[in-house]
Structures are given as structure tokens and as C-alpha cells.
Amino acid sequence: MSNNLLTNCLPEDVGRLESLVGLSVAHNKLYGKLPKTLGKCLSMEKLGLQGNSFEGIIPDISGLMGIKYVDFSSNNLSGRIPEYLANFSYLEYLNNFEGNVPTEGKFKNATIVSVSGNKNLCGGVLELRLQPCFTQPPRKSRKKIAIGKKNTNDATPSTLGVFHEMISYGDLRNATNGFSSSNLIGSGSFGTVFKAFLPAENKVVAVKVLNMQRRGAMRSFMAECESLKDIRHRKLVKLLTACSSIDFQGNEFRALIYEYMPNGSLDMWLHPKETEESSRPSRPLTLLERLNIAIDVASDLEYLHLSCHEAIAHCDLKPSNVLLDDDLTAHVSDFGLARILLKFDQETFINQLSSAGVRGSIGYAAPEYAIGGEISVHGDAYSFGILSFEMFSRKRPTDEMFGGDFTLPSSIRSALPEHVLDVADESILHNGLRIGFPAAECLTKVLEVGLRCSEESPANRLEVSEVVKELISIKERFFKTRRGARR
Numbered sequence: 001m002s003n004n005l006l007t008n009c010l011p012e013d014v015g016r017l018e019s020l021v022g023l024s025v026a027h028n029k030l031y032g033k034l035p036k037t038l039g040k041c042l043s044m045e046k047l048g049l050q051g052n053s054f055e056g057i058i059p060d061i062s063g064l065m066g067i068k069y070v071d072f073s074s075n076n077l078s079g080r081i082p083e084y085l086a087n088f089s090y091l092e093y094l095n096n097f098e099g100n101v102p103t104e105g106k107f108k109n110a111t112i113v114s115v116s117g118n119k120n121l122c123g124g125v126l127e128l129r130l131q132p133c134f135t136q137p138p139r140k141s142r143k144k145i146a147i148g149k150k151n152t153n154d155a156t157p158s159t160l161g162v163f164h165e166m167i168s169y170g171d172l173r174n175a176t177n178g179f180s181s182s183n184l185i186g187s188g189s190f191g192t193v194f195k196a197f198l199p200a201e202n203k204v205v206a207v208k209v210l211n212m213q214r215r216g217a218m219r220s221f222m223a224e225c226e227s228l229k230d231i232r233h234r235k236l237v238k239l240l241t242a243c244s245s246i247d248f249q250g251n252e253f254r255a256l257i258y259e260y261m262p263n264g265s266l267d268m269w270l271h272p273k274e275t276e277e278s279s280r281p282s283r284p285l286t287l288l289e290r291l292n293i294a295i296d297v298a299s300d301l302e303y304l305h306l307s308c309h310e311a312i313a314h315c316d317l318k319p320s321n322v323l324l325d326d327d328l329t330a331h332v333s334d335f336g337l338a339r340i341l342l343k344f345d346q347e348t349f350i351n352q353l354s355s356a357g358v359r360g361s362i363g364y365a366a367p368e369y370a371i372g373g374e375i376s377v378h379g380d381a382y383s384f385g386i387l388s389f390e391m392f393s394r395k396r397p398t399d400e401m402f403g404g405d406f407t408l409p410s411s412i413r414s415a416l417p418e419h420v421l422d423v424a425d426e427s428i429l430h431n432g433l434r435i436g437f438p439a440a441e442c443l444t445k446v447l448e449v450g451l452r453c454s455e456e457s458p459a460n461r462l463e464v465s466e467v468v469k470e471l472i473s474i475k476e477r478f479f480k481t482r483r484g485a486r487r
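Mapping the sequence shown onto UniProt numbering, position 151 (from 1) lands on 151, and the numbers just tick up by one.
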């Protein structure tokens with residue numbers, strides 16, 4: 001009976017259904033207190049009450065020992081978490097509760113329990129990052145109670161605290177027409193992206209649904225939330241909220257909800273023949289537009305590397321992760337592989353998150369990553385160099401024409417400066433340039449910046465702050481524009 005418009009209270013008579021195996025009334029308009037008789041449904045295995053307006057405390061359902069799935073999320077329930085819930089097989093979302101979080105049973109595993117948005121909870125396992133409990137233990141209690149000073153400056157109790165419980169699985173399912181292929185706008189390493197309409201906000205958004213069967217998907221989800229929770233930059237794709245729940249079949253579900261970029265990805269513009277006709281751009285990008293996009297991307301990296309509380313290495317910069325808004329301003333997206341870095345000296349960067357696993361995409365990842373080298377901001381500089389080559393040549397680094405020692409960077413290096421037009425995208429020369437424009441000289445200057453970014457040795461690569469300065473200087477020189485102007 002989920003996803004309907006059912007109203008009123010849940011009747012007390014539900015307790016007479018002693019053989020009821022599952023009850024799912026999620027995402028309706030039910031309200032009031034939960035009936036005490038729920039505890040009499042002794043055969044119950046699944047109880048889905050999420051997405052309603054139930055209030056009060058959870059009735060005693062300790063007798064439902066066979067229950068495998070309980071979801072109370074997105075209601076107005078309150079009170080303490082019943083200790084017996086620790087014996088249940090799966091619990092997703094706890095809302096408006098107070099008191100000590102159990103540490104036994106399923107509550108030992110922080111990956112299947114979400115307590116975000118519950119400011120009055122304390123204790124629990126360390127991974128939940130809740131404040132210590134202040135309650136004095138009873139005289140005969142054998143349980144250890146952690147006592148400590150409350151830090152009033154803590155932003156959120158957990159990585160996902162600022163995102164959880166803002167949108168449900170059911171809402172996302174409805175907003176994407178059941179995750180219909182007609183709403184599909186892209187796919188990546190760990191999931192697929194859908195266009196969605198949220199009627200409550202009257203807003204179109206992009207929903208990235210992670211493939212939880214893919215190894216590393218959960219780490220990607222956590223990395224993206226951790227990277228984006230505190231950063232606010234107008235040219236970074238804004239993460240609006242996240243969904244950490246289970247689907248209607250009881251499977252783990254994770255999704256990230258972003259602002260929608262109407263002009264799609266840079267990849268679509270550079271390689272339109274590989275894009276579905278309905279999404280295909282109607283024209284190629286001009287030289288000035290490409291230069292503006294390069295400046296936008298470099299500015300994003302400069303912010304990540306230098307202006308965040310801790311330096312962030314993106315680790316997966318490529319055209320499909322650069323999105324374009326209405327006026328073709330570029331926004332860097334997809335922080336699923338991002339690493340937060342602590343700088344201990346001028347040369348050493350220590351990973352704050354696990355550095356195991358994938359470190360970028362083939363052709364764009366820095367060569368040192370292939371041999372287990374340290375993740376650093378210099379790796380992003382290399383990826384930017386490759387991205388700039390692709391932007392102005394329209395050749396992917398993985399194109400079949402390349403092999404062995406003949407690579408995209410080597411082809412650019414050997415062409416400069418005399419044969420730069422031989423490697424440039426021809427459409428640049430026939431689109432938006434005034435008569436007599438020194439295209440060869442301009443392209444040479446831009447591609448030289450890319451070459452300095454993609455040096456083999458990380459120490460020899462340009463810092464992104466220098467990249468921004470040089471690209472802006474090139475733009476002002478060749479297009480006679482004032483600083484900051486896009487035309």
C-alpha cells in the first residue's frame with residue numbers, strides 16, 4: 001500500500017493480523033500515534049512506515065523476533081531508542097529520538113545505521129560520531145557511560161548529518177518516473193545520473209544513483225559527501241542533499257542530489273557524435289568558450305587545493321565530470337574519488353581518507369598513480385593538462401590512434417609551435433573568430449600551459465593558481481577582454 005494517498009491513523013485492528021508477514025504503508029499521508037497492537041503481529045518480518053506523519057514513541061514491538069527490516073524514517077517519532085531494536089536485523093534512519101544509542105547487535109555496524117538529524121542522541125559506536133552521553137549511570141548499572149564536555153562548535157555529528165532525511169527513496173523514485181531510461185542523462189564509474197523534478201520545491205535536479213553492487217561504491221558516496229559538505233564555490237556543482245535508505249525490495253540505496261546543469265557535460269560538446277541525438281549540442285564550442293571553460297575548471301581546482309579548510313584533490317578530472325550551465329560556465333562535479341589531504345610540509349601530503357582503490361580514469365590519471373604514488377594536488381594538475389589537450393584537439397587520450405610512446409601529450413608536444421593547427425580541432429578555426437585572428441599563436445600559448453601541467457615529474461608541474469593567471473592573461477591578450485568578462 002506504499003506510495004498512495006492513504007490518510008487517517010493506522011487502525012488498532014492491525015494487531016489482529018497475527019499471520020501478517022509484511023506491512024508497508026510508506027509514503028502516504030498517515031498520521032497519529034502508532035497502535036500498541038503492532039507488537040501482536042508475531043509473524044512480521046518487514047515493517048515499512050517511512051514517509052508519513054506518525055508521531056509519539058515507538059510502541060513495544062520487542063516480541064517481533066523474526067523481523068528483518070524496520071523503517072521509521074521521515075516521520076515525527078520521538079523518544080528514546082528501545083534497547084531491543086539492537087536485536088533486529090536491519091534498521092535504516094532514526095528520527096527525532098533522544099538518549100543513548102545502543103552499541104550492541106546491529107548498532108555495532110555504523111554502515112547500516114543512520115542517526116543523522118537527531119541532535120539529542122548520544123553515545124553509540126565511535127563511527128557514528130555522536131557526542132558523549134552526560135547521563136549519570138544507575139548505581140547498579142554495569143554499562144559504561146562516556147562523560148565529556150560538549151563541543152558547541154561541532155558542525156554536525158556525522159559526515160552525512162547535513163544531508164540525511166531531506167529526501168526519501170520514494171520521493172526520488174517518483175521524481176525520476178521510476179528511474180526511467182527516458183530520464184537517464186549519464187553514467188559513471190559508480191552509478192547512473194537521472195534528471196528529476198521535485199514538485200515540492202518546483203525544481204529540476206540531477207540524481208546520481210550509486211550502483212551498490214560495485215566495489216567501492218559506498219566509499220565513493222562517503223568521499224563525495226565528506227568532500228562537499230563544507231565547500232561552497234559558485235563554479236563547483238552544488239550537492240543539494242543525499243539519500244541513504246533502502247529500496248522497496250529491501251536493498252541498500254544511496255543517491256546524491258545535485259543542482260541540474262541544462263547544457264550537460266563538456267564531453268557531450270566535444271564528442272557530439274557519441275551522444276544521443278536528443279541531447280546533442282547544436283553547434284561546436286568556440287575558441288573563446290573553450291578558453292573560458294578551461295579558466296573555470298582551473299579556478300575550481302585552485303579553490304579545492306588552496307581555499308578549503310583542508311586541501312582536496314579531485315582525483316578524477318575529465319570532460320564527463322565538467323558540467324555546463326545556461327551560459328556555458330563550467331562546474332566541476334563527481335567527487336567520488338576525492339581525497340582530503342593534510343599538508344605537513346612543503347612536499348609531503350598524507351591521505352586523510354583511504355588511498356586504496358581506484359585513482360582516476362585511464363588516460364587522465366597521473367602516471368605516478370599507476371605505480372602506487374602518493375595522491376596529491378599535482379595529480380589534478382596533470383589531469384587538467386590532458387583535459388586541455390582534449391578540449392582544443394577534440395582527441396581523447398584513449399583514442400585508438402595513440403599507443404606505445406605516441407600519446408596525446410607527445411602528439412601535442414611534437415606539433416608545437418609550427419604545426420599546432422594540424423592537431424587543433426578544425427571547428428575552432430571556422431567558428432566565431434574574426435578575420436585575421438592569430439589562432440595558431442593563441443592555441444600554442446594555451447597548449448603550452450597544458451604541457452607544463454602534464455610534465456612526467458609531479459614536482460615540475462604548474463600549480464593551478466599559476467594556470468589560472470596564465471590562462472586569464474592569454475584571454476585578455478588575444479580577446480581584448482577585461483578581467484572576468486566571458487565575451
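For glycine and all other residues, C-beta sits at the position ideal for the given N, C-alpha and C.
Beta-carbon proximity check, residue i vs residue j, cutoff 8 Å
i      : j      : result
ALA381 : ARG461 : yes
LEU210 : ALA175 : no
ILE474 : CYS442 : yes
SER24  : LYS46  : yes
LEU64  : GLY48  : no
ALA424 : VAL377 : no
PRO262 : ASP325 : yes
GLY178 : GLY51  : no
PRO438 : PHE479 : no
SER244 : VAL468 : no
LEU416 : THR444 : yes
CYS41  : LEU77  : no
LEU59  : LEU30  : First, the amino acid is wrong: residue 59 is Pro here, not Leu. No, Cβ-Cβ distance for PRO59 and LEU30 is not below 8 Å.
Buried or exposed (CB count within 10 angstroms, at least 16 for buried), residue i
i      : result
PHE406 : exposed
GLY56  : exposed
PHE163 : Only weak support exists for where PHE163 lies, its pLDDT of 42 falling under 50; the coordinates are left without a value.
HIS27  : buried
LEU5   : exposed
VAL204 : exposed
HIS430 : exposed
MET401 : exposed
CYS225 : buried
CYS9   : exposed
PRO397 : buried
HIS314 : buried
ASN202 : exposed
LEU306 : exposed
ASP327 : exposed
Supposed contact pair residue j and residue i - C-beta distance, whole angstroms, cut 8 Å
i      : j      : result
SER388 : GLY360 : Actually they do not touch by this definition, with Cβ atoms about 16 Å apart.
ILE185 : ILE295 : Their Cβ separation, rounded to whole angstroms, is 25 Å, which puts ILE185 and ILE295 out of contact at 8 Å.
VAL237 : VAL297 : The Cβ separation is near 12 Å, so there is no contact.
THR37  : GLY66  : Wrong, their Cβ atoms sit about 17 Å apart, outside the cutoff.
PHE190 : SER220 : 4 Å
ALA330 : LYS235 : 7 Å
MET212 : GLU252 : 5 Å
Three-way DSSP call (helix, strand, coil) for residue i in this model
i           : result
HIS378      : helix
VAL449      : helix
GLU441      : helix
TYR84       : helix
MET1        : coil
PHE389      : helix
LEU291      : helix
LYS273      : helix
ALA311      : strand
PHE335      : coil
PHE54       : strand
ALA330      : strand
PHE384      : helix
VAL322      : strand
ILE371      : helix
ILE435      : coil
LEU304      : helix
LEU462      : coil
residue 513 : For the chain, the structure presents residues 1 to 487; residue 513 sits outside this window and is missing.
ILE472      : helix
LEU236      : strand
GLY186      : strand
Counterpart residues of residue i in DSSP-defined beta bridges
i           : result
residue 526 : Since the first residue of the chain shown is 1 and the last is 487, residue 526 is not available in this structure.
ASN8        : LEU30
LYS195      : ALA206
SER24       : GLY48
PHE179      : DSSP lists no partner for PHE179.
ALA211      : Note that residue 211 is Asn in the sequence shown, not Ala. For ASN211, which the question treats as bridged, DSSP gives no partner whatsoever.
SER259      : The residue asked about is misnamed: residue 259 is Glu in this sequence, not Ser. VAL205, per the DSSP bridge assignment.
C-beta neighbour in chain D for residue i, strict 8 Å
i     : result
SER24 : This model lacks chain D altogether, as it is built from one protein chain only.
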